[in-house]
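Taking our numbering as reference, the numbering of the sequence shown is continuous, increasing by one, and the terminal residue is 342. Just so it is clear, CB atoms sit at the ideal spot from N, CA and C, and this is done for glycine as well. The model shown is predicted, which means the values in this text are computed figures rather than measured ones. Below is one structure; the comments refer to it alone.
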Amino acid sequence: MLIKRKSIELAESSRRPASAPAAKPKAARKPKFAPVTLSEQDGVRFLHFGTEWVQGAMRIRKPDWPELEYAQQMMAWMLFIEQPRTIAQLGLGAATLTKFCYRQFPQALVTAVELNPAVIAICGSMFKLPSDDEHLQVLEMDALDFVLDEANHGAFDVLQCDLYDATARGPVLDTPEFYQACNACLAGDGVMTVNLFGDHPSFKKNIKAMRFAFEQVICLPEVHEGNVVALCFRNKPDLDPERLAARAAQIVAATKLPAKSWVKGLQAAIADQR
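As structure tokens, then:
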């Protein structure tokens, strides 16, 4: 199925590594990364970490469009936040969500956090990630250090979390303490979306940790790739059906994202929780 694969193990990022918060000194981490590889099929370029597990995708003729269904669902926070001022992406992947947010919300500050410098480099060279400017910053650092940094607490309207390693079967950060720190980074009625695997033992562990940390957690239906996107709310969300339907129609008209299906998924999940 994979047509073309290309190793870029030696790629380096031009961005400077961000420093860990000085208030929480710890032993320096020396991460070892799997090779970053590419494949292409039917006009879509895929990112891998040395295996066939897909870490991100880009349709070459539509580089800013979220190609995978789960990536589209990661934008479901738009049902609750219309004009975000600050958005943080934990785990860059193929820069799909970072690029979409950067284009769709030109007045917002979009921050992406990625530990692997080769991923940052390949996103710039092969996945059309723009250079940093006043509305975009890509930080080379550990997502855990980022959310623990008190300077980031209360700083973001939206968090998007997609943290996977080469095994790609469960988030690499999944503790109640991690999700509490994510909640602390949200402002006001902030929302976090998290990419999970529904058929993996890590799923229940993550959901339990999220429900410990957040006011409410709702999962959208599993997509055909096996991904499940969880929406984590800092405060109780407005789930009025008429409001959600009207907002979904606005999103479809403005972006062509399948927001009406998100509403159906949310309503089904809420009914199951009762």
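Rounded separation between residue i and residue j - CA only
i, j, result
"residue 114", "residue 122", "6 Å"
"residue 364", "residue 283", "This structure gives no information on residue 364, because the portion of the chain shown stretches from 69 to 342."
"residue 294", "residue 223", "32 Å"
"residue 126", "residue 335", "30 Å"
"residue 333", "residue 99", "38 Å"
"residue 273", "residue 240", "12 Å"
"residue 247", "residue 207", "20 Å"
"residue 134", "residue 195", "12 Å"
"residue 279", "residue 285", "6 Å"
Expected contact under 8 Å - CB spacing of residue i and residue j to nearest Å
i, j, result
"residue 253", "residue 203", "Between residue 203 and residue 253 the Cβ distance is about 19 Å, and since that is not below 8 Å, they are no contact."
"residue 132", "residue 168", "6 Å"
"residue 277", "residue 242", "6 Å"
"residue 157", "residue 180", "4 Å"
"residue 176", "residue 152", "5 Å"
"residue 146", "residue 228", "That belief does not hold up - the Cβ atoms of residue 146 and residue 228 are roughly 11 Å apart, past 8 Å."
"residue 325", "residue 140", "6 Å"
Bridge partner(s) assigned by DSSP for residue i
i, result
"residue 155", "178, 226"
"residue 17", "Because the chain in this structure spans residues 69 to 342, residue 17 falls outside the shown range and cannot be described."
"residue 265", "295"
Closest by C-alpha distance to residue i, when choosing among the options
i, options, result
"residue 216", "291, 263, 315, 250", "250"
"residue 300", "225, 326, 269, 311", "225"
"residue 256", "304, 248, 271, 265", "304"
"residue 264", "182, 287, 246", "287"
"residue 313", "324, 321, 331", "331"
Endpoints, beta strand (DSSP E) assigned at residue i
i, result
"residue 135", "It is not in any beta strand (DSSP E) - residue 135 carries neither H nor E in the DSSP assignment."
The alpha helix (DSSP H) enclosing residue i, as first and last residue numbers
i, result
"residue 274", "270–281"
"residue 37", "Within the shown structure, residues of the chain are numbered from 69 to 342, placing residue 37 beyond reach of any answer."
"residue 147", "Run containing residue 147: none; DSSP gives neither H nor E here."
"residue 329", "327–341"
"residue 316", "309–323"
"residue 284", "Counting along the chain, residue 284 falls outside any alpha helix (DSSP H), though it belongs to the beta strand (DSSP E) covering 284–287."
"residue 252", "244–253"
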